[in-house]
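Scroll down for the structure; my scribbles are underneath it.
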Amino acid sequence: MAVADEELRQLLDEQIAYYRARGPEYLNEVLDVLPSEIKSAVDEFAPGGDVLELACGPGTWTPQLLRNAATVTAVDASPEMLAIARRRVGGDDRVRFVLADLFTWQPDRQYDVVFFGFWLSHVPLERFDEFWTLVDDCLVPGGRVLFVDDAYRAPEELVEGAASSTIRRRLSDGSAHRAVKVPHAPSTLKRRLEELGWDIEVSSAQRHFFWGDGGRA
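The working numbering numbers the first residue of the sequence shown as 43 and each following residue consecutively.
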């Protein structure tokens, strides 16, 4: 493995460790700051059929997906997050939880919809094309994609400067962890997806939030 690849893998492992430790406080933060436009966008998209939720985290979105979905397969690299997500959906047997690192995971089937909330910004640009190949592999022909995210990075997080997508965040216990946070601009993101053969409309909302919906061009 090249040095750059090894360093990136170390960063991604540290990101996983951060979210394993962050679970409960992350759930509260997201719900507190989420603009109404984002919730409405998910409802209007109405992700029906068999839905794949990538990086489901603590199940912030899973109950909302279940309003329209026949089934939800929720994948995350953190067992702590998955435990919280299971509690949020109770005993709903339409949900299957999968513990896996999305940078190495491969699907065992295809889905009508692929959804990911607050995940795309944590995909390094070096893995951007590879990630969208995975999304394509997960979709049935004519399948749809929906994602929501934000581009906010606090000044104190930019330990390597604003040009770097590597940030450092602290938990409430004071521990520091590196993570990836790519501040996607909606117009630039839309063009990048078009270059990969996707027809996805990317819309912005208040306070650095955005969402995208569409499918293969």
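Even glycine gets a Cβ: it sits at the ideal position worked out from N, Cα and C. It should be emphasised that the depicted structure is a prediction, and the values quoted were computed from it without experimental measurement.
Distance between residue 211 and residue 204, taken at the CA atoms: about 14 Å. Rounded to whole angstroms, the Cβ separation of residue 190 and residue 160 is 7 Å, and the two are in contact under 8 Å.
Per DSSP, residue 124 is one residue of the alpha helix (DSSP H) stretching across 121 to 131. Runs of the alpha helix (DSSP H) spanning 4 or more residues and lying entirely within the region 179 to 239 occur at 228 to 237, in chain order. When only Cα atoms are considered, residue 135 and residue 155 end up about 19 Å apart.
For residue 165, there is no enclosing alpha helix (DSSP H), as DSSP marks it with neither H nor E.
If the five residues before and after residue 104 are omitted, its C-beta is found closer than 7 Å to the C-beta atoms of 95, 98, 114, 116, 127, 130, 131, 137, all from its own chain and listed in chain order.
DSSP links residue 84 through a beta bridge to no other residue. Between residue 238 and residue 174, the C-beta gap is smaller than 8 Å, which places the two residues in contact. Classified as buried, residue 254 has 16 or more neighbouring CB atoms from the shown chains inside 10 Å of its CB. Assigned with DSSP and collapsed to three states, residue 65 falls in helix. Under the three-state reduction of DSSP output, residue 135 falls in the coil class, being neither helix nor strand. Per DSSP, the unbroken beta strand (DSSP E) holding residue 113 starts and ends at 111 to 118. Going by C-alpha positions, residue 112 is about 20 Å away from residue 82.
By the neighbour-count definition (other C-beta atoms within 10 Å, threshold 16), residue 235 is a buried residue.
With contacts defined by Cβ atoms closer than 8 Å, residue 187 and residue 257 form a contacting pair. Shortest Cα-Cα distance from residue 52 to any of 229, 220, 215, 207 involves 220. Judged by beta-carbon spacing, residue 62 lies within the 8 Å limit of residue 122, meaning their Cβ atoms are closer than that value.
Beyond the five residues adjoining it in sequence on each side, residue 110 comes within less than 6 Å, by CB distance, of 88, 89, 90 in the same chain, given in chain order. Separation of the CB atoms of residue 58 and residue 143 is rounded to 7 Å, and the pair is thereby assigned contact status at 8 Å. Around the beta carbon of residue 84, a 10 Å sphere encloses 16 or more other beta carbons of the protein chains shown; the residue is thus reported as buried.
In the displayed model, residue 55 falls within a helix according to three-state DSSP.
With a threshold of 16 other beta carbon atoms within 10 Å, residue 181 meets it and is buried.
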